[in-house]
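J.:
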Amino acid sequence: MPGTRSVLRDSLLRRTPVRLALAFTLTVVVAYLVAVAVAYLWMRDDLVRRQDQRIEELFTLLATNTDQGDDAELVEAVRAQIAAAKDGHAVYQLLGPDGAVLATDILPVALPAGWSDQSASVLGRTGDIPYRVLVRKVGADRLAVGRDFSDLDALRETIQTAMLWSSLFALAVALGGGSVIALRIRRRLVAVKQTLDRVAEGDLGARLPLSGADDDIDRVSQQVNAALIRLAALVEGMRQVGVDIAHDLRTPLGRLRNHIAEALEATEQGTDTRPTLEQALAESDAIGNTFSALLRIAQIEAGARRARFAPVDLTATLRSVAEVYAEVAEDADMDLTLHDPGRPVWVKGDAELLVQAFANLVENAICHCPPGAAIRCDLGPEGHQAIVRIVDNGPGIPAQEREKVLRRLYRLERSRTTPGSGLGLSLVKAIADLHGARLSLGDAGPGLEIQLAFDLVTPGALTKL
Ligand SMILES: Nc1ncnc2c1ncn2[C@@H]1O[C@H](COP(=O)(O)OP(=O)(O)OP(=O)(O)O)[C@@H](O)[C@H]1O
Ligand SMILES: [Mg+2]
1310 MPGTRSVLRD
1320 SLLRRTPVRL
1330 ALAFTLTVVV
1340 AYLVAVAVAY
1350 LWMRDDLVRR
1360 QDQRIEELFT
1370 LLATNTDQGD
1380 DAELVEAVRA
1390 QIAAAKDGHA
1400 VYQLLGPDGA
1410 VLATDILPVA
1420 LPAGWSDQSA
1430 SVLGRTGDIP
1440 YRVLVRKVGA
1450 DRLAVGRDFS
1460 DLDALRETIQ
1470 TAMLWSSLFA
1480 LAVALGGGSV
1490 IALRIRRRLV
1500 AVKQTLDRVA
1510 EGDLGARLPL
1520 SGADDDIDRV
1530 SQQVNAALIR
1540 LAALVEGMRQ
1550 VGVDIAHDLR
1560 TPLGRLRNHI
1570 AEALEATEQG
1580 TDTRPTLEQA
1590 LAESDAIGNT
1600 FSALLRIAQI
1610 EAGARRARFA
1620 PVDLTATLRS
1630 VAEVYAEVAE
1640 DADMDLTLHD
1650 PGRPVWVKGD
1660 AELLVQAFAN
1670 LVENAICHCP
1680 PGAAIRCDLG
1690 PEGHQAIVRI
1700 VDNGPGIPAQ
1710 EREKVLRRLY
1720 RLERSRTTPG
1730 SGLGLSLVKA
1740 IADLHGARLS
1750 LGDAGPGLEI
1760 QLAFDLVTPG
1770 ALTKL
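Below is the structure:
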């Protein structure tokens, strides 16, 4: 199929592990080549220096053969050198003061004084290896001594061959190593993808596998797993709420249905339907209120009201609640007292919601305690926290029920006959969570002690709020 290969190549190159492997290979090979090139240059410089040294030594050796203008000895020595050097790697030339060739094994060319590099063809030699030549005056003559770069050439060839083979070896090792690493990462990424696919299909029990290496993939996986556990708990909580609501609303809806049926019957019998219809109206109002309260809790849990947070003085808030309920408590033959520090206690929050939470707690004490009960509202800063306690000496809540009463619509068995929908404490819990406050229910022996611990706002931070 046309294009299949390019599609395959595209998708392959887009995979992070493959890219990583290629980048790794490339880096290793480039680093290797640079290292070899540096080594080669170093050796070449060293060889050139040694070559110059050798030429200089040869030159000096020949030059000592002259004795104050008598060059016969020098000519002899150069000729002897020429005769001895049969390998063709060296060059010698001795020119007289008039430029006449006294001894040479190269073309009779005039070479520049000092050090120079000469090509083989200029000197009349075969091959393409250049020569290094030193030309200086010896007495009245000009002596040229040189050697070709055959050693350097051999070195270059050796290094080139070594470079080729070892680069191939480095390439193979890097590719092999890179592929192994890429495959391992890819295998783990595939496992992550498969797990996330299962989650997307609704399986919130799926967890990312951990390799046990405690590397960054493991750490990200742990975080994702923690998020999945929270998500599963949230979804389960919501499912539970749905079931609870459906279950708990069946009773009032059943009552409403009975009232309507009674009213119908009364109509057929020609009797007064008003009392039954009034009951039905009250029942439907109660159902409506329950729904409103449920919606309010959901809204608070969504956290949007946090944007409206401002400094709130808990002393003033608690005082206003105690004032409002003082009369209600008195009517119920109860004693409501307030103990506050007599000065502002600042926290960050939503004043309206905090009034609502404290009111729910005081109202609970009034509703669920027998006449003659004592209710105490305490406020005090403790360390970095502001602690609000609503304590009564009523029947209290058994330890095993204290978690459950925070659930929506949950009421103790003994309270099922009293008015209320079991949402008061759920709302308090939602408000506490919104404020980052810790809500705890305890025994006041006898009675209930509900505690709310808020973080205090320091005076410095207060001005910034
Ligand atoms: N101060 C208290 N003393 C004894 N029991 C309490 C007290 N406060 C709450 N409870 C128990 O906890 C249950 C849940 O309280 P919650 O405030 O959530 O609902 P409610 O008071 O029954 O109804 P609502 O507040 O919605 O009118 C109550 O039904 C009651 O059984
Ligand atoms: Mg209540």
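Quick note: to get my numbering, add 1309 to the position in the sequence shown (first position is 1). Built from N, CA and C at the ideal position, the CB exists for glycine as well. Since the structure is predicted, the reported quantities are computational estimates derived from the model, not experimental observations.
#1: Under three-state DSSP, which class holds G1658?
#2: What separation, rounded to the nearest whole angstrom, lies between the Cα atoms of A1607 and A1591?
#3: Assign A1619 to buried or exposed, taking buried as 16 or more other Cβ atoms, counted over all protein chains shown, within 10 Å of its Cβ.
#4: Taking DSSP's pairing of strands, which residues face A1646 in a bridge?
#5: Leaving out the 5 sequence neighbours to the left and right, which residues in its chain are closer than 8 Å to S1488 when beta-carbon positions are compared?
#6: The beta strand (DSSP E) with G1751 in it runs from where to where?
#7: Could you give the DSSP three-state label for V1700: helix, strand or coil?
#8: What do you reckon, is the C-beta of G1705 under 6 Å from a heavy atom of ligand 2?
#9: Taking 6 Å as the line, does the beta carbon of V1714 fall inside it for any heavy atom of ligand 1?
#10: How big is the Cα-Cα spacing for V1316 and A1332?
#11: Please say whether T1624 and V1654 have beta carbons closer to each other than 7 Å?
#12: Please name the residue or residues paired with F1763 in a DSSP beta bridge.
#13: Is the beta carbon of L1404 sitting closer than 7 Å to the one on R1451?
#14: Residues in its own chain within less than 8 Å of Y1634 by CB, not counting five upstream and five downstream?
#15: What three-state label does DSSP hand A1394 in the structure shown?
#16: Roughly how many whole angstroms lie between the Cα atoms of Q1588 and T1582?
#17: Which ranges does the alpha helix (DSSP H) cover as unbroken runs of at least 4 residues, wholly within the region 1520-1594, from first to last along the chain?
#18: Taking only heavy atoms of ligand 2 into account, decide whether any of them is closer than 6 Å to the Cβ of N1250.
#19: Are at least three pairs of beta-carbons, each pair with one atom in the region 1693-1702 and one in the region 1677-1685, less than 8 Å apart?
#20: Report the option in L1734, R1717 and I1696 whose CA atom is closest to the CA atom of D1764.
#21: For G1521, is the beta carbon positioned less than 6 Å from some heavy atom of ligand 2?
#22: So what does S1425 bridge to, in DSSP terms?
#23: Excluding the 5 residues preceding and the 5 following D1659 in the sequence, name in chain order all residues of the same chain whose CB lies nearer than 7 Å to its CB.
#24: Starting from the Cα of Y1401, find the closest Cα among A1392, G1408, F1458 and D1414 and give me that residue.
#25: Just how far apart, CA to CA, sit G1651 and D1622?
#26: Determine which residues share a DSSP beta bridge with E1758 and list them.
#27: Straight-line CA distance for E1710 to I1759?
#28: Can you tell me whether A1344 is buried or exposed? The criterion is at least 16 other CB atoms within 10 Å of its CB, across all chains shown.
#29: Is the beta carbon of S1724 within less than 6 Å of some heavy atom of ligand 1?
#30: Using the rule of at least 16 other Cβ atoms within 10 Å of the residue's Cβ for burial, across every protein chain shown, is M1310 buried or exposed?
#31: Quick check: the Cα distance between L1420 and A1393, rounded to an integer number of angstroms?
#32: Under a Cβ-count criterion, where at least 16 other Cβ atoms within 10 Å of its own Cβ denotes burial, should V1347 be classed as buried or exposed?
#33: From K1738 to G1745, what distance separates their C-alpha atoms?
#34: May I ask you to list the residues that DSSP assigns as paired with A1399?
T.: Reading from the atomic positions:
#1: DSSP, read as helix, strand or coil, puts G1658 in strand.
#2: Roughly 24 Å between the two C-alpha positions.
#3: Exposure of A1619 is indicated by the presence of fewer than 16 other C-beta atoms within 10 angstroms of its C-beta.
#4: Here residue 1646 is Thr; the residue named in the question, Ala, does not match the sequence. T1646 is bridged to R1685.
#5: The residues are A1330.
#6: Residues R1747 to D1752.
#7: Here V1700 carries a strand assignment [DSSP, helix/strand/coil].
#8: No, ligand 2 has no heavy atom inside 6 Å of this Cβ.
#9: It does: the Cβ of V1714 is within 6 Å (strictly closer) of some heavy atom of ligand 1.
#10: Interpretation of V1316 is limited by its pLDDT of 49, a score under 50 that renders its predicted location unreliable; no figure is taken from the coordinates.
#11: In this structure, V1654 sits near T1624, with a CB-CB distance shorter than 7 Å.
#12: In the DSSP assignment, F1763 forms a beta bridge with A1695.
#13: Against a cut-off of 7 Å, the Cβ pair of R1451 and L1404 comes out as a contact.
#14: Excluding sequence neighbours, Y1634 sits near L1645, A1668, V1671, E1672 and I1675.
#15: Reduced to three states, the DSSP call for A1394 is coil.
#16: Rounded to whole angstroms, Q1588 to T1582 spans 10 Å at the Cα level.
#17: The qualifying runs are 1525-1578.
#18: For residue 1250 there is no data in the structure shown, the boundaries of the chain being 1310 and 1774.
#19: With a cut-off of 8 Å, the region 1677-1685 and the region 1693-1702 count as touching, because enough Cβ pairs lie within range.
#20: Nearest C-alpha to D1764 among L1734, R1717 and I1696: I1696.
#21: Result no, Cβ not under 6 Å from ligand 2.
#22: Note: S1425 sits in a beta bridge opposite V1442.
#23: A distance below 7 Å between beta-carbons, with the five flanking residues on each side excluded, links D1659 to the following residues of its chain, in chain order: R1614, R1617 and F1618.
#24: Closest option to Y1401, Cα to Cα, is D1414.
#25: Using only the alpha carbons, I get a separation of about 11 Å.
#26: As computed with DSSP, E1758 is found in a beta bridge with V1700 and G1751.
#27: Straight-line spacing of the CA atoms in E1710 and I1759 works out to 14 Å.
#28: By the neighbour-count definition (other C-beta atoms within 10 Å, threshold 16), A1344 is an exposed residue.
#29: Under cutoff, so the answer is yes.
#30: In this prediction, M1310 has a pLDDT of 47, which is less than 50 and means its spatial position is unreliable; nothing more can be read from the coordinates.
#31: Rounded to whole angstroms, L1420 to A1393 spans 23 Å at the Cα level.
#32: So V1347 ends up on the exposed side.
#33: Using only the alpha carbons, I get a separation of about 10 Å.
#34: Answer is R1456, bridged to A1399.
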